[in-house]
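Down below is the structure, laid out as structure tokens.
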Amino acid sequence: TAAAYEQLVSAFLAHDNGVAGHLSAVLALDPHHVRAWSAKAIFTMTLGRSELIPAARHAAAMARACLGTDPADGLAVLAAESLVNGEWLDAIAALEKLLVLDPADSMAAKMSHALRFMLGDAAGMLASIERVLARVGLGHRHAGFLLGCKAFALEENHRFQEAEFVGRSAVE
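The sequence shown begins at 270 in the numbering used here and counts up by one.
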């Protein structure tokens, strides 16, 4: 399950069109995978289609039903529940609290980044990814993707020269 979840995370970070298949694979291996159910709720909501809200609510409810005692898992569930209830800022806040507990959680970092982008919060995108990178460093297994997020956030903040430099570093 851990390897399948890592494939899901990598696919999400890369904007791979196989994310749904990887998510299904994780849930087939472990139908009680809290983070996968939470991700499903969040992914579904970011599609921006009102007819999918019931499916997102179901995924959030499944995440809640599978929740144990792990505080980071609890924050992932809270983010999913907040988002399906239309509380985008609360969802972001839950993801940011999760990143305090586990700054190496690339899925949470990218989700916070994506939700902030959808709300037009360019400054928040940059601040969040800079906090993550400061805590995990360039030795993190997803450093290239995280640098890509930083480059995009710099571009969204009209800091084009820095964005290009960081973007090239991300590719390297």
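Note that beta-carbon positions come from the ideal geometry of N, C-alpha and C, so glycine has one too.
What residue range does the alpha helix (DSSP H) around residue i cover?
i, result
"A283", "From DSSP, A283 is part of no alpha helix (DSSP H); its letter is neither H nor E."
"E365", "357 to 370"
"G337", "Neither: G337 is in no alpha helix (DSSP H) and is coded neither H nor E."
"G393", "391 to 405"
"R304", "303 to 315"
"G436", "429 to 440"
"R385", "375 to 388"
"G408", "Looking at the DSSP string, G408 is not in any alpha helix (DSSP H), and its letter there is neither H nor E."
For the candidate residues the options, whose alpha-carbon lies nearest to that of residue i?
i, options, result
"L388", "K366, L402, A360", "A360"
"V303", "A334, D285, H427", "A334"
"K366", "G343, V353, W306", "G343"
"L384", "H327, V353, W306", "V353"
"L336", "W357, G355, S307", "S307"
"C418", "Q276, A305, A348, H382", "H382"
"R400", "A330, E431, L364, P323", "L364"
Cutting at 6 angstroms between CB atoms, please list the residues of its own chain near residue i, excluding the five before and the five after it.
i, result
"A273", "A294, V295, L298"
"V440", "none"
Under the rule that 16 or more other beta-carbon atoms within 10 Å means buried, what is residue i, buried or exposed?
i, result
"F414", "buried"
"F434", "exposed"
"H284", "exposed"
"E350", "buried"
"L395", "buried"
"A332", "buried"
"L370", "exposed"
"A328", "buried"
"G355", "exposed"
"A420", "buried"
"A271", "exposed"
Could you tell me whether any non-hydrogen atom of the ligand GTP is closer than 7 angstroms to the CB of residue i?
i, result
"A334", "This structure simply doesn't include the ligand GTP, nor any ligand for that matter."
Could you name the residues of the same chain whose beta carbon sits closer than 8 angstroms to that of residue i, not counting the 5 residues immediately before and after it, in chain order?
i, result
"D374", "A341, L367, L368"
"H411", "V278, S279, L282, S375"
In its own chain, which residues sit with a C-beta less than 7 angstroms from the C-beta of residue i, not counting the 5 before and 5 after it?
i, result
"F281", "V288, M376, K379"
"A391", "A422, E425, N426"
*Is it a yes or a no for the region 314 to 322 touching the region 290 to 302, going by three-plus beta-carbon pairs under 8 angstroms?*
Between the region 314 to 322 and the region 290 to 302 there are fewer than three inter-stretch CB-CB distances shorter than 8 angstroms, so the stretches are not counted as touching.
*Is it true that the region 398 to 409 meets the region 307 to 317, where meeting means three or more beta-carbon pairs spaced less than 8 angstroms apart?*
Touching, no, given that fewer than three Cβ pairs across the two stretches are closer than 8 angstroms.
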